[in-house]
Amino acid sequence: MRNLLQSSRRKGHYGGVTSAIPNQWIVVQRPAEVAGRRSEIARMAGWEIRDESGHWRVRTAESYRKQPPSLLTTRHIRESQFNFLGTLPEQASHLTASSSNSVTEELKRLRDKETLASEVARFQLVFLRTPTAQLPDAMRTFFSEAAKRLPQSELLVIDVARELSARYNLAKFLLTVKLTPTQLPNDSLPVGSALTTGGIFAAELFTAPALLALAPYVVGVPASRARGAAVWLFGRPVAGLTFPTDQLIDTVRPTTDRLDGPRQRGGKNPPTATAEQTMTFFTWWTTQVNKVLSLATDPVNFADPASNIYSPVKHWQYLASIERLFRDVAETLADTEYHETAQLRAAYDALDTLEGMHHGGFDELVTPFRAARTLEKLRQDLPPDISAVALPICQRAVDALEKVKDGFTPTGTYYTPTGLAGLPGKKGPMDKTWDQATSLYLRRDRNSAHSFLKMDEWEKALLLSHNGTLPRGIAELAFLYLLDLVAHPDKIATKLR
43 MRNLLQSSRR
53 KGHYGGVTSA
63 IPNQWIVVQR
73 PAEVAGRRSE
83 IARMAGWEIR
93 DESGHWRVRT
103 AESYRKQPPS
113 LLTTRHIRES
123 QFNFLGTLPE
133 QASHLTASSS
143 NSVTEELKRL
153 RDKETLASEV
163 ARFQLVFLRT
173 PTAQLPDAMR
183 TFFSEAAKRL
193 PQSELLVIDV
203 ARELSARYNL
213 AKFLLTVKLT
223 PTQLPNDSLP
233 VGSALTTGGI
243 FAAELFTAPA
253 LLALAPYVVG
263 VPASRARGAA
273 VWLFGRPVAG
283 LTFPTDQLID
293 TVRPTTDRLD
303 GPRQRGGKNP
313 PTATAEQTMT
323 FFTWWTTQVN
333 KVLSLATDPV
343 NFADPASNIY
353 SPVKHWQYLA
363 SIERLFRDVA
373 ETLADTEYHE
383 TAQLRAAYDA
393 LDTLEGMHHG
403 GFDELVTPFR
413 AARTLEKLRQ
423 DLPPDISAVA
433 LPICQRAVDA
443 LEKVKDGFTP
453 TGTYYTPTGL
463 AGLPGKKGPM
473 DKTWDQATSL
483 YLRRDRNSAH
493 SFLKMDEWEK
503 ALLLSHNGTL
513 PRGIAELAFL
523 YLLDLVAHPD
533 KIATKLR
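The sequence shown lines up with residues 43 to 539 when you count with my numbering.
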């Protein structure tokens, strides 16, 4: 436990956020393993801790001080500010002479290829493997060359506060104490370790949907480093797919005709977002995700309402869930107009996760009225530059959802101008509006992951009344609802109460 927390020590960094239950302290049952380490743990995790007999009273430092959070912060590295990169944590000191030579050879190979994909790989390798002292000059040189291809390129650095990983580690430690105490003392806590990032790689995971918001175009790419990431914003949307694909495995992959509608892949119909708009949107996204993470890591939000005792089980479940949501949405966007069957499955998974997190049932989320209302609220709340990047894909999703009804056969037994009538229900014929029929159809389509067997008569009638084709863009509903959550983080607090 000591080493786990030592890796998260940092002074003078932490800010704050509004807790889900303002001005409230919760009770954390203090394990014997941390006796006498209250001040150390408080400093590492950004907690305020009051030691009482046998337990702690806890709240986050940001809640106590009524300050904004700083778990995830973004710095724009302008031309005169590359020296800031020399202050980043060192992580290349372990390189041997042979591995250093390998990096040099790979950088040369990538430079010789002269493609944007090879430039991206070179950017990621330079940022990851260059010793800190040499990083300012290395990145200054890289971006002077990148400007020849993409003249409006910009560099941002996303800093992940050590308090973030400390809060993850504390939740896992307290979970281990509760469920599997025989694993202690260990510096490695295996409880669910593959289901969360531990906060260390939060920058890439939680910002990926923003970089993919114009999929199948991308607005930038990330590069990893210790406790943070760099982002190369291209200054304009760049096609993320070549078509036809040159990947051999794609020639074997089964194709599908499930989705129908216009495409953008291969450079068709490029979005028109400007460099200023993509920069504004991305910095707004990281600011909002910072608030989301502050709420998601605040132990006050995971106390039993009756006893006010912190539940590490509930907390870990939420951390794993919110990471799953961001990952599913990123996968949905990355597969836009590419692996469309996988894209649809990832979108269904994201909507299921939202249901489990109490942000709306699956049936409700795929109702055209609900989706249109969510989009309209975002249109009212978001500034124009943010809307210009974030909302086109949401509009496409809402339009696609509205068109699902077009797949119902007009000559079918149950078809009427206003919906389906006379579906064979257990208690007699059922009538469904188009909103209801759309929602029910998509639920049954999602349930088909368990096969098409064991369906009620009305479910069979519903499925067989539709041609099975879905409008392209339907999967992007997942991004619509994630955007709504990021834009309105107080919804997290409300749902956790």
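Note that CB positions come from ideal geometry on N, CA and C, so glycine has one too. Computed from a predicted model, the values in this text were never measured in an experiment.
DSSP three-state label for P110, please.
Three-state result, P110: coil.
CB-CB under 7 Å to L177, same chain, minus the five flanking residues each way: which ones, in chain order?
L127, G128, L130
Give me the residue from A414, R80, L254 with the minimum Cα distance to D370.
L254
Comparing C-alpha positions only, which one of P264, R120, A189 sits nearest to L170?
P264
Rounded to a whole number of angstroms, what is the C-alpha to C-alpha distance between F521 and L367?
10 Å
From the DSSP secondary-structure annotation, give me the bridge partner or partners of I364.
Answer is none; I364 lacks a bridge partner.
Does DSSP put E94 in a helix, a strand or coil?
Looking at E94 - three-state DSSP - the assignment turns out to be strand.
Report yes or no: do the stretch 294-303 and the stretch 504-514 share at least 3 C-beta pairs separated by less than 8 Å?
yes
For the alpha helix (DSSP H) holding M321, just list the boundary residues, first then last.
Per DSSP, M321 is one residue of the alpha helix (DSSP H) stretching across 317-338.
What's the C-alpha gap between A189 and W274?
11 Å
Could you check whether E379 and L283 sit closer than 8 Å to each other, using their CB atoms as the reference points?
yes
Could you give the DSSP three-state label for K533: helix, strand or coil?
helix
Can at least three beta-carbon pairs, one atom from the stretch 522-533 and one from the stretch 326-339, be found at a separation below 8 Å?
yes
What first and last residue would you give for the alpha helix (DSSP H) that runs through G398?
382-398
Would you say the stretch 434-448 touches the stretch 500-507, given that touching needs at least three Cβ pairs under 8 Å?
no
Can you tell me whether DSSP reads L522 as helix, strand or coil?
helix
Hey, quick one: how far does the alpha helix (DSSP H) through Q166 stretch, first residue to last?
158-171
Can you check whether the CB of L407 is closer than 8 Å to the CB of L420?
no
Figure out for me which residue from T453, T409, G467, F184 has the closest Cα to the Cα of A439.
T409
What residue does the alpha helix (DSSP H) around W274 start on, and which one ends it?
Where W274 is concerned, there is no enclosing alpha helix (DSSP H), although the beta strand (DSSP E) it sits in stretches over 270-281.
When DSSP builds the beta bridges, which residues end up paired with A252?
DSSP output for A252 lists no bridge partner at all.
If distances are taken between C-alpha atoms only, which option among T383, P426, L519, G398 comes closest to D292?
T383
Does the distance from the C-beta atom of K474 to that of L482 stay below 8 Å?
It is a contact, given that the beta carbons lie within the stated cut-off.
How long is the line joining the alpha carbons of P347 and R539, rounded to whole angstroms?
A straight-line Cα-Cα distance of about 8 Å links P347 and R539.
Excluding sequence positions up to five away, which residues of its chain have a Cβ less than 6 Å from the Cβ of E90?
Closer than 6 Å at Cβ, skipping near neighbours: R101, A103, Y106.
With a threshold of 8 Å on Cβ separation, who are the neighbours of Y523 within its own chain once the five nearest residues in sequence on each side are excluded?
Exclusion of the five residues before and after Y523 leaves A392, L393, L396, H401, G402, L407, T416 as the residues of its chain whose Cβ lies within less than 8 Å of its Cβ.
From what residue to what residue does the alpha helix (DSSP H) around L433 run?
426-445
Kindly list the residues whose CB is nearer than 6 Å to the CB of T536, restricted to its own chain and excluding five residues on each side of it in sequence; keep chain order.
none
Any chance you could list the beta strand (DSSP E) runs of at least 3 consecutive residues sitting entirely within the stretch 462-509, in chain order?
Here the runs fully enclosed are 470-475.
Going by DSSP, what residue range makes up the alpha helix (DSSP H) through P178?
177-191
To the nearest angstrom, how far is the alpha carbon of A272 from that of Q133?
14 Å
If I'm right that L506 touches L443 with Cβ under 8 Å, what's the distance once you round it to whole angstroms?
About 21 Å separates the two Cβ atoms, so there is no contact after all.
Tell me the residue span of the beta strand (DSSP E) that contains R267.
259-267
Go through its chain and collect everything with a Cβ distance to G96's Cβ below 8 Å, but skip five positions before and after it.
Q71, R72.
For K310, is the classification buried or exposed, using 16 other Cβ atoms within 10 angstroms of its Cβ as the cut-off for buried?
exposed
Work out the CA separation of L386 and R488 for me, nearest whole Å.
Across the structure, R488 and L386 are spaced so that their CA atoms are roughly 9 Å apart.
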